[in-house]
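All remarks here apply to the structure that follows.
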Amino acid sequence: MSLDVWLTTKGEPVQRKGTGVFIRDNGKQRELTPEEVAEKWPNAEVPEQEYETNEVFEYNITHNLTSMANAADLYNALWRPDEQGSVYAKDIVGQLERGLKRLQKDPDGFKKMNPDNGWGSYEGLVTFVELYLKACKEYPDAEIGVSR
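All residue numbers for the sequence shown refer to our numbering, where the first residue is 4 and numbers rise by one.
Here is the structure:
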């Protein structure tokens, strides 16, 4: 089980490239680069494709990090923005900033909360929050989407 979040704009679509080949890696889903596809499946021909989208950010992370996110006061902003009335990226910027500071202030304390099964990590949550915060600041009027 995992959390999927995305930001969608109503403006001009953005250009993206991708292989369309995804794997689970350290508690999150990610798209493989053409080089990674060729390494894993040498005989596969998977070209990188260009496409337009209004989805300006997407991320997937394991539910195993909910306790850590809750301890950093990030759970509602990440997992349940709709339930707190957050519709747009700008609505959660403050929560993401404060939660990221909490995570960065006590890395050793939060690392103790790393899942025993190895799916997800403190570092993974920090990276997720950093990237999400950057996207929220870049696209403040983007609509938040969540699938849990």
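Glycine is no exception: its CB is placed at the ideal position from the N, C-alpha and C atoms.
In the DSSP assignment, find the alpha helix (DSSP H) that holds Thr69 and state where it starts and stops. For the purposes of this step, residue 69 is taken as residue 66 along the sequence shown, with counting starting at 1. In this chain, the alpha helix (DSSP H) harbouring Thr69 covers Thr69 to Ala74.
Would Thr12 pass as a contact of Val59 if the rule is Cβ separation under 7 Å? Here residue 12 refers to the residue found at position 9 of the sequence shown. Here residue 59 refers to the residue found at position 56 of the sequence shown. In this structure, Val59 lies closer than 7 Å to Thr12 by Cβ.
Across the segment 83 to 94 and the segment 31 to 48, are there enough close Cβ pairs to call them in contact, namely three or more that are closer than 8 Å? Contact check between the segment 83 to 94 and the segment 31 to 48: fewer than three CB pairs, one atom from each, fall below 8 Å, which does not count as touching.
List the endpoints of the continuous beta strand (DSSP E) containing Gly148. Taking the first residue of the sequence shown as position 1, residue 148 is located at position 145. Its beta strand (DSSP E) spans residues Glu146 to Ser150.
By the DSSP assignment, the alpha helix (DSSP H) with Gln52 in it spans what residues? Position 49 of the sequence shown holds residue 52. For Gln52, there is no enclosing alpha helix (DSSP H); the residue is found in the beta strand (DSSP E) stretching over Gln52 to Thr56.
Can you tell which of Thr22, Gln18, Ala145 and Met71 has its C-alpha closest to the C-alpha of Glu48? Counted from its first residue, the sequence shown places residue 48 at position 45. Ranking the options by Cα distance to Glu48, first place goes to Thr22.
Beta-carbon proximity check, Trp44 vs Gly148, cutoff 7 Å: In the sequence shown, counting from the first residue as 1, residue 44 sits at position 41. In the sequence shown, counting from the first residue as 1, residue 148 sits at position 145. Contact: no.
Quick check on the DSSP output: the beta strand (DSSP E) that includes Thr11 runs from which residue to which? Counted from its first residue, the sequence shown places residue 11 at position 8. Element bounds for Thr11: Ser5 to Thr11.
DSSP three-state label for Lys115, please. Translated into positions along the sequence shown, residue 115 becomes position 112. Coil, per DSSP.
Between which residues of its own chain and Ala138 is the CB-CB distance below 6 Å, once the five residues before and five after are set aside? The sequence position of residue 138 within the sequence shown is 135, counting from 1. Non-local beta-carbon contacts of Ala138 in its own chain, meaning distances under 6 Å to residues more than five positions away in sequence, involve Leu10 and Phe60 in chain order.
Identify, in the order they occur along the chain, each residue of the same chain with its Cβ nearer than 8 Å to the Cβ of Gln52, setting aside the five sequence neighbours on each side. By 1-based counting over the sequence shown, the position of residue 52 is 49. Answer for Gln52: Lys20, Gly21, Thr22 and Gly23, listed in chain order.
According to DSSP, residues forming a beta bridge with Gln32: Position 29 of the sequence shown, counted from the start, is the residue given in the question as residue 32. For Gln32, which the question treats as bridged, DSSP gives the partners Arg27.
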